[in-house]
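Using this note's numbering, the first residue of the sequence shown is number 38, and each one after it goes up by one. Note that beta-carbon positions come from the ideal geometry of N, C-alpha and C, so glycine has one too. Okay, so here's the structure we're looking at.
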Amino acid sequence: MLQKFYLFLKGVIEHLMVVAMTLLFWQFPQLYQQYLDALTGAHYEARKALSLLEESARERGKSLRDYIEKHLKSQDNDFRTSGKNMEKALQRESFYRSALDKLKRAPFYLWWWYFIIYVEFGLLREISFQPGIPLSTAGLFYAAFGMLTGMGISYLVFGIWGSFFTKKTRI
Numbered sequence: 038m039l040q041k042f043y044l045f046l047k048g049v050i051e052h053l054m055v056v057a058m059t060l061l062f063w064q065f066p067q068l069y070q071q072y073l074d075a076l077t078g079a080h081y082e083a084r085k086a087l088s089l090l091e092e093s094a095r096e097r098g099k100s101l102r103d104y105i106e107k108h109l110k111s112q113d114n115d116f117r118t119s120g121k122n123m124e125k126a127l128q129r130e131s132f133y134r135s136a137l138d139k140l141k142r143a144p145f146y147l148w149w150w151y152f153i154i155y156v157e158f159g160l161l162r163e164i165s166f167q168p169g170i171p172l173s174t175a176g177l178f179y180a181a182f183g184m185l186t187g188m189g190i191s192y193l194v195f196g197i198w199g200s201f202f203t204k205k206t207r208i
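In structure tokens form, the structure reads like this:
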């Protein structure tokens, strides 16, 4: 009796696990696209801020790098702080440009890898995620990957858990 209940429960949970993982992984291309949109906006804003700094440096007859160095080497604490902020703005724009380029060029089957490498969690938290059903090659790929992952997890769990409920025969 207990074994029949176990088999019924196992079947239900395995199916639920496969469906849940399929739906979860199917959302990844949607998240990826929404992150790309947010990253594009962040890059635009960083580029805009950097162009203002470049204009300010040009007005003083310096390159942006020289302008930043002058601030960093200043004896005045306020100027050193502003130099550090300018340097951070330069690094942020460079990161956004590089990440955007890599994420746009990545083949869909490696999106997850590039996403892990180039995700900025502060930007990711700002996304108001809208679930959807991506009917693209990428969507189908990630749905199939989720299905296989769900099957793997359920077989792993029930392989371990099932050993407690099956009868062991001794020779």
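Between the CA atoms of residue j and residue i - distance to the nearest angstrom
| i | j | result |
| --- | --- | --- |
| Thr118 | Ile153 | 32 Å |
| Phe62 | Gly183 | 5 Å |
| Leu44 | Thr59 | 22 Å |
| Ala86 | Ala94 | 13 Å |
| Thr174 | Ala143 | 14 Å |
| Gln232 | Ile190 | Here the chain comprises residues numbered 38 to 208, so residue 232 is not present and cannot be evaluated. |
| Gly159 | Lys139 | 19 Å |
| His269 | Tyr133 | Outside the displayed span of the chain (38 to 208) sits residue 269, for which this structure offers no information. |
| Trp148 | Leu177 | 14 Å |
| Gly187 | Leu53 | 9 Å |
| Asn114 | His108 | 9 Å |
| Val55 | Ile197 | 18 Å |
| Ser165 | Tyr179 | 21 Å |
| Glu124 | Lys141 | 26 Å |
| Leu90 | Gln64 | 39 Å |
Pick from the options that is closest to residue i, judged by C-alpha positions
| i | options | result |
| --- | --- | --- |
| Tyr192 | Lys41, Met38, Val49, Thr174 | Val49 |
| Leu76 | Leu53, Gly196, Tyr155 | Tyr155 |
| Arg211 | Met54, Leu160, Ala83, Trp148 | Any answer about residue 211 is impossible in this case: the structure gives the chain only from 38 up to 208. |
| Gln70 | Pro168, Ala181, Gly196, Ile190 | Pro168 |
| Gly120 | Ser131, Gln112, Glu106 | Glu106 |
| Pro171 | Arg162, Leu46, Ala181, Ile164 | Ala181 |
| Leu137 | Ala126, Arg162, Tyr151, Val194 | Tyr151 |
Near the ligand HEM: residue i beta-carbon under 8 Å from a heavy atom
| i | result |
| --- | --- |
| Tyr192 | With respect to the ligand HEM, the structure shown offers nothing to examine, as it has no ligands at all. |
Environment of residue i [buried if 16+ CB atoms lie within 10 Å]
| i | result |
| --- | --- |
| Ala57 | exposed |
| Gly78 | exposed |
| Gly98 | exposed |
| Phe42 | exposed |
Cutoff 9 Å: residue i Cβ touching any chain D Cβ
| i | result |
| --- | --- |
| Tyr146 | Here chain D cannot be found, since the structure has a single protein chain. |
In chain order, which beta strand (DSSP E) runs of at least 3 residues are fully inside the region 90-158?
none
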